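Presented below is the structure to which this report refers.
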Amino acid sequence: MSLVSKNPLEKCEYSKPCEAIEILIQPRDKDLGGLSVRRSLPTKERKMVGPWIFFDHMGPARFKAGQGVNVRPHPHINIATVTYLFEGEILHRDSLGSLQAIRPGDINLMVAGNGIVHSERERPEVNSTEHHLHGLQLWLALPEQDEEMDAEFHHYPARDIPVREVDGVPVRVMMGSAFGLTSPVNTYAETLYVEASLQAGQTIQLPDCEERAVYIVSGKLTCMDNLLAEHSMAVFSAQAGITLKATQPARIAIIGGEPVGKRYIDWNFVSSRKERIEQAKQDWKAGRFSKVPDDEVEFIPLPE
C-alpha cells in the first residue's frame, strides 16, 4: 500500500527522556478518507531504524458498505514492503500477476527491487458490508547490492509465523530471530520485527540488536520510569538488558536490525541514489512500468 505524500517526512513531536531512549517520537494522526494513519518513520529527526525506512499505523477504522481501502496502482523501487493486519482484509495485486488477500496474522512481503507496480483494494464480498481495518505498513530499504534485484512477491499465512510465550507474554517473530524463534519470512539484511501482547504488570526484555525501536499499537508501558504512550515510537540505544513494563494491556511492535546506509525518498521511490529516483519518476510519467493484470485502467499519477 502507499499512503505517502509528496513530502514523506512527517512533522512529529520528539523528546529524549533517558539514556536508554535515543528519541521518543509522537506521530500525528492524519485522516485519509475515514482511515486514520500515523507515520513514525521517516521523520525529520529520524529517517531509519536498521533497514526500516517507513512505518505507518493504519486505523482502527470502521467502513460502511461501499467504502474502504481503494488504493490505485502505483510504483516502488529498491525496497521491500511489509503489510500486516490486526483486523480486516486487503486484496493485493501487482505487476508480477500476484493476487492475494491478506488477513489478520498474515505477512505480505513485496520486494520491489528494480521496479514493481501494485494496487490495494477489497474483495466485493468485503466491500459490500460494514467492515473494519487495522494494521501496519512498513518498508525495508534493500542493501545496495540487492536494490536492483528482480521483483518478487511472497505471502506467509498466519499459521507459518512462529509464536511462543516468554515469561507469560505471547510473542510472534515476524521477521528475523528473537526469543529462540526464527521467522521463515525472507530478509536481505539483519532484520528484526516482533509483535508482543502484554497484560498490565507484565514485562518484556528487548532483544539485543544494532538498532531497534518499539511502537505502541495500543496501551501504555514504562521504560526506566519513562512513559511510552499509545501510538508513540521509542528508538533505543544499544544498551543491553532494556526492559519494558505494561501499565495497562498493551500490544507492541519491535523493529530493528543493521543499518544499510543513507537512503533518499521521494513519493513511493526509495534508493541509495538520487539519480535512480529521478529515472523512476520519469519512467512512471512515461508509462514504462509494467501494468497490474486486471487493474490496468486506473493509476496514481506522479505528484507534481
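Position one of the sequence shown corresponds to residue 108 (the working numbering), numbered consecutively onward. We put the CB at the ideal spot given by N, CA and C, even for glycine. Given the structure is predicted, the values throughout are model-derived calculations rather than measurements.
Take the alpha-carbon of D274 and the one of G287: they are about 13 Å apart. By the criterion of at least three beta-carbon pairs nearer than 8 Å, the region 223–230 is not in contact with the region 320–340. By the Cβ-count criterion, Q355 is exposed, with fewer than 16 other Cβ atoms from all chains shown falling within 10 Å of its own Cβ. Comparing C-alpha distances from V301 to each of A307, Y295, N293 and L313 shows the shortest one belongs to L313. Non-local C-beta neighbours of G368 in its own chain, meaning closer than 7 Å and more than five positions away in sequence, comprise E251 and S379, ordered along the chain.
Between the region 177–187 and the region 376–394 there are three or more C-beta pairs closer than 8 Å, enough to call the two in contact. L335 and Y371 have their C-alpha atoms spaced approximately 29 Å apart. D213 and D402 have their C-alpha atoms spaced approximately 23 Å apart. Counting along the chain, no beta strand (DSSP E) covers E385; the unbroken alpha helix (DSSP H) around it starts and ends at K381 to K392. H262 is not a Cβ neighbour of Q309, given a cutoff of 9 Å. Bounds of the beta strand (DSSP E) holding V224 are I223 to R228. Per the C-alpha coordinates, the member of L409, V377 and P231 positioned closest to K392 is L409. By the neighbour-count definition (other C-beta atoms within 10 Å, threshold 16), Q306 is an exposed residue.
Put simply, the region 156–168 touches the region 311–328. At least three CB pairs are less than 8 Å apart. In this structure P134 is buried. Its beta-carbon is surrounded by 16 or more other beta-carbon atoms within 10 angstroms. According to the DSSP assignment, V233 belongs to the alpha helix (DSSP H) that extends over P231 to N234. Listed as beta-bridge partners of W159 by DSSP are V156 and L247. The closest CA to that of A347, considering only A357, K327, G363 and C316, is found on C316.
Cα atoms of A168 and H199: separation of roughly 19 Å, rounded to the nearest angstrom. The secondary-structure analysis by DSSP pairs M340 across a beta bridge with I132 and Y322. Per the coordinates, the alpha-carbon of T236 lies some 17 Å from the alpha-carbon of R210. Put simply, the backbone Cα of G195 is about 16 Å away from that of V189. The criterion of a C-beta distance shorter than 9 Å is satisfied by I361 and L299. Secondary structure at D373: strand, using DSSP grouped into helix, strand and coil.
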